[in-house]
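Here's the structure we're looking at; comments come further down.
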Amino acid sequence: MIMGTSRREGAPSRTTAIAIPPARPGLWRQIREDVACVKSRDPAARATLEIVLTYPGVHAVIWHRLAHRLWRGRGKFAARFISWFARLVTNVDIHPGARIGRRFFIDHGAGVVIGETAEVGDDVTLYHGVTLGGTSWTAGKRHPTLQDGVLVGAGAKILGPITVGAGARVGANSVVIEDVPPGMTVVGIPGRVVKAVADRRRLGDGRIDLEHHLMPDPVGEAVSALLDRIEFLETRLAHHQEQGHLPPPPRDRAIT
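Note that the sequence shown covers residues 11 to 266 in our numbering.
As structure tokens, this is what we get:
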């Protein structure tokens with residue numbers, strides 16, 4: 011905070027506070043963080059040199075960092091050209107206008123699409139096939155915002171100017187079209203909230219939970235509950251018929 015003094019003639023002096031936004035880290039520091047975070051999120055990662063040379067998701071993020079700086083200045087054509095080249099060599103399409111935070115990781119990378127007005131917070135992880143897409147032709151904010159610590163499973167689609175809260179998880183192949191509260195898990199088409207952060211399995215070494223196959227299936231659970239209820243009612247009906255409380259079921263008549 012900077013404390014300044016404002017004084018008008020004939021009025022007592024008073025102190026005003028001016029907020030200073032946090033300084034943005036340098037490009038080299040951002041790239042180092044992007045590379046370093048891979049070891050904590052990918053069990054297959056071994057050496058830093060291997061990550062730098064063979065991870066297309068890391069390459070895509072590095073190219074985007076360069077393109078975004080040009081986009082924010084006067085080099086929009088150069089930014090689009092770098093974005094096109096990055097897509098050509100990594101199969102990851104990130105618009106140079108997208109705002110991406112620190113320690114961003116795209117695992118495998120193939121088929122990821124991030125739109126122009128998308129905003130991604132710090133420590134976010136995306137898997138292959140994820141789309142952060144728009145739903146409108148109008149200018150302005152039309153892509154989603156992912157807050158800090160969000161995890162998006164393979165093939166998921168997050169569409170429109172919605173917000174996925176900090177620490178939320180999106181299950182594989184889900185389609186999210188509404189805001190997601192912080193710390194919740196969303197699965198299905200359309201996405202439904204099914205699990206809070208307090209119900210998740212915690213890993214002692216600080217790694218993210220990769221057991222996506224353990225995510226609940228709300229539709230399957232509802233169908234299973236209905237089948238159990240039908241079986242119960244049929245058993246109860248048969249019992250009453252045996253006791254003579256109800257007439258027996260009609261026999262099937264032959265069609266003549």
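By construction, the Cβ of each residue, glycine as well, lies at the ideal position given by its N, Cα and C atoms.
> What are the residues that DSSP puts in a beta bridge with Lys167?
Replying inline: Thr141 and Val185
> How many Å lie between Gly214 and Asp103 at the Cα?
Replying inline: Any answer about Gly214 is weak, because its pLDDT of 48 lies below 50 and its placement is not dependable; what the coordinates show is given next. Roughly 34 Å separates the two Cα atoms.
>> Quick check on DSSP: helix, strand or coil for Arg202?
In response: strand
>> Any beta carbon from chain B within less than 8 Å of Glu60's own beta carbon?
In response: This model lacks chain B altogether; it includes just one protein chain.
> CB-CB under 6 Å to Ile124, same chain, minus the five flanking residues each way: which ones, in chain order?
Replying inline: Ile104, Ala108 and Leu142
>> Looking only at its chain, what residues have a beta carbon closer than 7 Å to the beta carbon of Ile116, apart from the 5 residues adjacent to it on each side?
In response: Gly67, Ala70, Val71, Val102, Val122 and Leu136
> Apart from the five residues just before and just after Thr58, which ones in its own chain have a Cβ nearer than 7 Å to its Cβ?
Replying inline: Val45
>> Residues in the same chain with beta-carbon distance under 6 Å from Ala120, minus the five sequence neighbours each way, listed in chain order, please.
In response: Asn101 and His138
>> If I measure Cβ to Cβ from Lys49 and keep anything under 7 Å in the same chain, skipping five residues before and after, which residues do I get?
In response: Ala55
> Leaving out five residues before and five after His153 in sequence, what residues of the same chain have Cβ atoms less than 6 Å from its Cβ?
Replying inline: Gly125, Thr127, Ala128, Leu142 and Gly144
> Since Leu156 and Gly181 are thought to touch, with beta carbons under 8 Å apart, how far apart are those beta carbons, to the nearest angstrom?
Replying inline: Contact doesn't hold; Cβ gap of about 15 Å is too wide.
> Taking C-alpha atoms, which residue in Pro35, Ala96 and Val190 lies nearest to Gly170?
Replying inline: Val190
>> For Ser184, count the other beta carbons within 10 Å of its own beta carbon; 16 or more makes it buried, fewer makes it exposed. Which is it?
In response: buried
> If you compare alpha carbons, which of Ala232, Arg51, Gln253 and Ala235 is closest to Asp133?
Replying inline: Arg51
>> With H, G and I counted as helix, E and B as strand and the rest as coil, what does DSSP make of Phe242?
In response: helix
> Would you call Pro106 buried or exposed, if buried means 16 or more other Cβ atoms sit within 10 Å of its Cβ?
Replying inline: buried
>> Tell me the residue span of the beta strand (DSSP E) that contains Thr195.
In response: Met194 to Val197
> Taking the C-alpha atoms as reference points, what is the distance between Val186 and Ala77?
Replying inline: 28 Å
> In terms of residue numbering, what span does the alpha helix (DSSP H) encompassing Ser93 cover?
Replying inline: Lys86 to Thr100
>> With distance defined between alpha-carbon atoms, name the residue in Ala89, Leu243, Glu188 and Leu63 nearest to Trp73.
In response: Ala89
>> I'd like to know whether the C-beta atoms of Arg97 and Cys47 end up nearer to each other than 8 Å.
In response: no
>> Assuming Val160 and Val174 are in contact, meaning their beta carbons sit under 8 Å apart, how far apart are those beta carbons, in whole angstroms?
In response: 5 Å
> Should Ile168 be counted as a contact of the ligand NAD given a C-beta to heavy atom distance under 7 Å?
Replying inline: Annotation note on the ligand NAD: not contained in the displayed structure, which lists no ligands.
> Between the beta-carbon of Pro192 and the beta-carbon of Ala166, is there less than 8 Å?
Replying inline: no
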